[in-house]
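Residue numbers for the first sequence follow numbering that gives the first Met the number 0, so the first one is 0 and each next one is one higher.
Backbone N, C-alpha and C fix where the C-beta goes; we use that ideal spot for every residue, glycine too.
Accompanying notes for the structure given below.
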Amino acid sequence: MAIDPFHGMNPEQREAIAHLDGPLLVVAGAGSGKTRVITHRIVHIIQSKGIRPDRVLAITFTNKAAGEMKERIERLVHLKTPWITTFHSAGLRMLKIERARLGFANEFTIADPDDQLRRWRKIVEEKQWDPKEFEPRRVQELVSKWKNDLVDVDKLDSDDPFRMGCKELFLIYRERNRQECVLDFDDLLCEPVRLLESDAELREKWVARFPYILIDEFQDTNPVQYRLIRLLGVHRNVCATGDPDQAIYGWRGADLKNILQFEKDYSPCRKVLLETNYRSTKLILRAAQAVVERNTARIDKVIRTDNSEGAPIVQLAVDDEIDESWAVAAAVDRMRSEGRPLKDIAVFYRIGRLSRVLEDGLRRRDIPYHIVGDVRFYDRQEIKDLLSYLKLLINPADRLSFARMSQVPKRGVGDRSLELLYEVADEAEATACAVLERDDLLERCAVGRLGAGLRELSRIWRTIRNLPLGDPVACVKGVIEASGIEPWYADHDPEKAQDRIANIRELASAAEAYREAHADQGLSGFLDHVALVTSADTEAADRDQLRLMTIHAAKGLEFPIVFIVGLEQEVFPLARGRVIQDLEEERRLMYVGITRAKELLYLSWAKTRSLYGETKRNEPSQFLAEIPAVCLRQRDVSGRRQAPAPGPRPGMFQRSPPPTRPSRPPSGAAPDVPQDGPDPAPPDGSTTTFSAGDLIIHQAFGRGRILGHKNSGAERVLVVHFDQHGMKQLNPGLAAARMRLVDE
DNA sequence: AGCAAATCTGTTTTT
DNA sequence: CAGATTTGCT
Ligand SMILES: Nc1ncnc2c1ncn2[C@@H]1O[C@H](COP(=O)(O)OP(=O)(O)OP(=O)(O)O)[C@@H](O)[C@H]1O
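Rendered as structure tokens:
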């Protein structure tokens, strides 16, 4: 029944698959079959060495890549491969197994990054330090960098007061997390390293656990990750594959020099170069290669393809971002009408914000799309609310979750009640949840009219605390029921209630799906899963949708047709405050983007673009000029809207005329003057409307005159000029209840 | 305690 | 410009 792992492989790939014992480094360009080598090597290891699949540690960059690799291998060997995962999941799995060594009082939970940020903010506040100087975001960023760079913070010394301040904050942060049995994301890498380094016996056990180790996308490995590999890979059966030209996570501490380091650390090390690209047309590959060859800090490598020459890359210049989105939508629409499945097409951009305009264009043409890396399902407010209850069932010491549970739904428990409760808990050396369980403690904080809320909270906690932790579905359903969160959202936020309730139900479905796949794992496993899953993993891959994503999210993927938009200097390559921080990394990003395309590539840039609230004139990206002209077909459809007689609109990416967009009204003329027209009826059902020019009296602001209404973001607002208070923008629904018309 | 309005940011990429 | 945070009122 053995399958031939060498089947369909070229000679270099075969060499890499065959060389099982001793270190191996595969360095190769895009689309050369590196991931395929890893996959087939694993099959070969299992078959020829008789190694159990669960004793192969294979690291991929994303959960999705891991899932695909797992699926392929499990289909071939019919056994589970739980250690084909990301670094973070592998770290978590190790910590779960070794949790006794962490020294926590109860089972740990993984803190949500937002909750951690709140923790930093609170610590700065308690210290009474200036939150401008110690901005929680910056502090969190630096500490994360330290952890990923393996900095020993206890020994850290610096002249920089910010760094020393962060050190002081960190010591408090760490202690608090320890008390609450909470780990942050970076701890999933640091803690395994710490445990392994401090215990030779443990190290031996884990080294023996994985006789073979493989790492894909090695160029984006950071110091902690590499240390973990070094600790586990003393047997030297370590295989790394990577492409230095695809190193795009330098900002996260990844260091492409790890590739050179690997060769030294594992010297002598077999090195295999893969030089055939199986993915792209000749023109696309030549363009990508020409761009990346501009980098100076780079070792040249050969890459060729037997694929056809292919169609030229289309480059398009447009007036602004709206035209760009129209052009993309028109081109996609045409492809769809020619029978192309939408899932063959992807649109890439440097920064996530660019997806907004694209969405407008796509919606106009009813093109279904999926934004990869959009708000994670598990990051939605209502989901986090429920997760706080669930986390407390596992780890009642977690006060960040406690605070959220206490205050959603709102039940009259505020910061004061919480402070009091924490004091009582600390004094009794009990967890916050224990206070809710014990009448004697509860009565000490549920005093006066503050008491009602806490008693209600206590009642809820007592109904959920005995939910069966082995069954995530029962827990989720029990918490939804007991918390009363559905009726509360329905009542309190009717606008979004439907979506919210749908999401809440989906959480229950997710728990069901999880229970189905991991019957032995229980609630705790479900929560871990939730912490690590990204929105790229949750996508509905079965639907025929256009995919929109940042180039970072496109790493490792391939599509027949690719659009890259926003190719303007300072947008891509991206500048911060007019400075491009790392041009070579930006260029590698361009290389990654181009090399995702198999057949057709479209590149567009807009002469003006509104971003961050201002409209800027931009130059085309330097990367466009770096592509050899012979690879390109250039079109410029800018400047046509101003034509005196509009006539039929010229084609954009293609030659057939797309529908025209009327030229914009002179919007810059009077930005603050609201548009006229009747106000929408207030949502409360009353019929009161106000029109521009009406004179009104407002309960709070007194006499004023309605100027009209305008759109402020997604909201419609009423613009009123008050005699006493000047110009104000009011919510029309609420304002209607608070003001009345008066006669002149 | 809770809400709505006003003010103030900053502004990349993600496991 | 949009999101988060602070202020100010009930
Ligand atoms: N020997 C081969 N013959 C035919 N097709 C191959 C071969 N090896 C790989 N491929 C195909 O080439 C494409 C690229 O392979 P793969 O994703 O493994 O490359 P990669 O080097 O990991 O790419 P990248 O670094 O760009 O992510 C895939 O569609 C794969 O199926």
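Three-state class that DSSP yields for residue i in the structure shown
i	result
residue 486	helix
residue 84	strand
residue 260	helix
residue 224	helix
residue 635	strand
residue 607	strand
residue 99	helix
residue 34	helix
residue 589	helix
residue 301	coil
residue 363	helix
residue 711	Low per-residue confidence applies at residue 711: pLDDT is 47, beneath 50, and the placement is therefore not dependable enough to give any value.
residue 271	strand
residue 13	helix
residue 133	coil
residue 193	helix
residue 126	coil
residue 52	helix
residue 656	For residue 656, the pLDDT reaches just 44, beneath the cut-off of 50, and the residue's location in the model is therefore unreliable, although a value from the coordinates is still provided. Note: residue 656 maps to coil in three-state DSSP.
Distance between residue j and residue i (C-alpha atoms, nearest Å)
i	j	result
residue 71	residue 78	11 Å
residue 474	residue 522	7 Å
residue 15	residue 344	32 Å
residue 173	residue 543	46 Å
residue 738	residue 490	24 Å
residue 505	residue 545	23 Å
residue 223	residue 413	40 Å
residue 637	residue 563	18 Å
residue 127	residue 167	13 Å
residue 655	residue 332	In this prediction, residue 655 scores a pLDDT of 47, lower than 50, which makes its location untrustworthy; the coordinate-derived value is nonetheless stated afterwards. If I take the Cα positions, the gap works out to 12 Å.
residue 560	residue 141	39 Å
residue 156	residue 170	14 Å
residue 452	residue 516	39 Å
residue 589	residue 388	44 Å
residue 461	residue 107	21 Å
residue 457	residue 411	13 Å
residue 133	residue 37	44 Å
residue 609	residue 615	6 Å
Any non-hydrogen atom of ligand 1 closer than 7 Å to residue i Cβ
i	result
residue 592	no
residue 245	yes
residue 12	yes
residue 31	yes
residue 9	yes
residue 287	no
residue 34	yes
residue 278	yes
residue 372	no
residue 746	Any answer about residue 746 is impossible in this case: the structure gives the chain only from 0 up to 743.
residue 132	no
residue 27	yes
residue 555	yes
residue 242	yes
Residues that DSSP places opposite residue i in a beta bridge
i	result
residue 432	The partner list for residue 432 (beta bridge, DSSP) is empty, contrary to what the question assumes.
residue 619	567
residue 314	602, 633
residue 369	546
residue 72	According to DSSP, residue 72 bridges with nothing at all.
residue 241	26
residue 738	697
residue 403	BP columns for residue 403 are empty, so no partner.
residue 575	578
Supposed close pair residue i, residue j - CB separation, criterion 8 Å
i	j	result
residue 268	residue 262	5 Å
residue 276	residue 284	5 Å
residue 228	residue 214	6 Å
residue 468	residue 392	6 Å
residue 208	residue 54	7 Å
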